[in-house]
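A.B. asks: Residue numbers (the working numbering): 690 to 941.
No residue lacks a Cβ here, since even glycine has one placed at the ideal position from N, Cα and C.
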């Protein structure tokens, strides 16, 4: 990792990892992030969205977003990306911009790549370059324009995401709605509440597989799966991998 500047307001880095990387930011992103995927690919998951990031993509993560990220190496197992963290977007309603791939042209992507990252201290020139690029990035950013039902769906998903073992009756009560209405609202997401819960449990299982040496049976007990075979079936359904494949690729 080559770090240019660290303070309460900025964090400009180039990150390099190998094979697999997992980060848990469910407490909320401390900064806004503009980033460029140089090598490998990634998946960022929130309570209501999954963003797939490929090599060459420029993407944006809003401040305070609760998310998890999964990073995968290229053919040579290399993960490499530029990350420009900043506290203030300096525009009104900055929080209205959503997590997204930025559909900008190649010239603008090249300018993102050329934001300084290899100095010991930030200076006015490097920050000027950064904000000059951001001023041209902002018109490409998509705003979050959800209606009341979309906001309620986010609330339900966040409740399931934070409490994956809670009954749907209790989730509905937590959101101050009836259980039948919970199922009705969820239909707009093209998945059932139980499918969403299973995806969340798979995310937790990946973290356990890659960061601990717990046995499969122990992970099943932690996540309340009825059997190891059912756990493998669900994990394969949503990730396309077996527990051993995930553990091998994400070994630390």
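Use the C-beta contact count for residue 913: other C-beta atoms within 10 angstroms, 16 or more gives buried, fewer gives exposed.
C.D. replies: The residue in question, residue 913, is exposed, as its Cβ has fewer than 16 Cβ neighbours within 10 Å.
A.B. asks: Based on the DSSP secondary-structure assignment, which residues constitute the bridge partners of residue 721?
C.D. replies: Partner(s): 775.
A.B. asks: State the Cα-Cα distance for the pair residue 895 and residue 933, rounded to the nearest angstrom.
C.D. replies: Distance between the alpha carbons of residue 895 and residue 933: 11 Å.
A.B. asks: How about residue 842 and residue 893: are their beta carbons less than 7 Å apart?
C.D. replies: No, they are not a contact pair.
A.B. asks: Any idea if residue 710 is buried or exposed, counting beta-carbon neighbours within 10 angstroms, 16 or more meaning buried?
C.D. replies: Residue 710 is buried by the Cβ-count criterion.
A.B. asks: Using the Cα positions of residue 854 and residue 887, report the straight-line distance between them to the nearest angstrom.
C.D. replies: The alpha-carbon atoms of residue 854 and residue 887 are separated by roughly 10 Å.
A.B. asks: Within 10 Å of its beta-carbon, does residue 815 have 16 or more other beta-carbons around it, so buried, or fewer, so exposed?
C.D. replies: Residue 815 should be labelled buried.
A.B. asks: Counting along the chain, where does the beta strand (DSSP E) carrying residue 706 start and finish?
C.D. replies: Where residue 706 is concerned, the enclosing beta strand (DSSP E) stretches over 699-707.
A.B. asks: Between which two residues does the beta strand (DSSP E) holding residue 785 run?
C.D. replies: Where residue 785 is concerned, there is no enclosing beta strand (DSSP E), given that its DSSP letter is neither H nor E.
A.B. asks: Got a sec? Which residues, its chain only, sit under 6 Å from residue 940 by beta carbon, not counting five neighbours each side?
C.D. replies: Only weak support is given to the placement of residue 940: the predicted model assigns it a pLDDT of 42, under 50, and the question is left unresolved by the model.
A.B. asks: Using 7 Å as the limit for Cβ to Cβ distance, is residue 830 near chain C?
C.D. replies: No chain C appears in the structure shown, which is made up of a single protein chain.
A.B. asks: With distances taken Cα to Cα, identify the nearest neighbour of residue 715 among 707, 758, 724.
C.D. replies: Checking every option, the nearest Cα to that of residue 715 belongs to 758.
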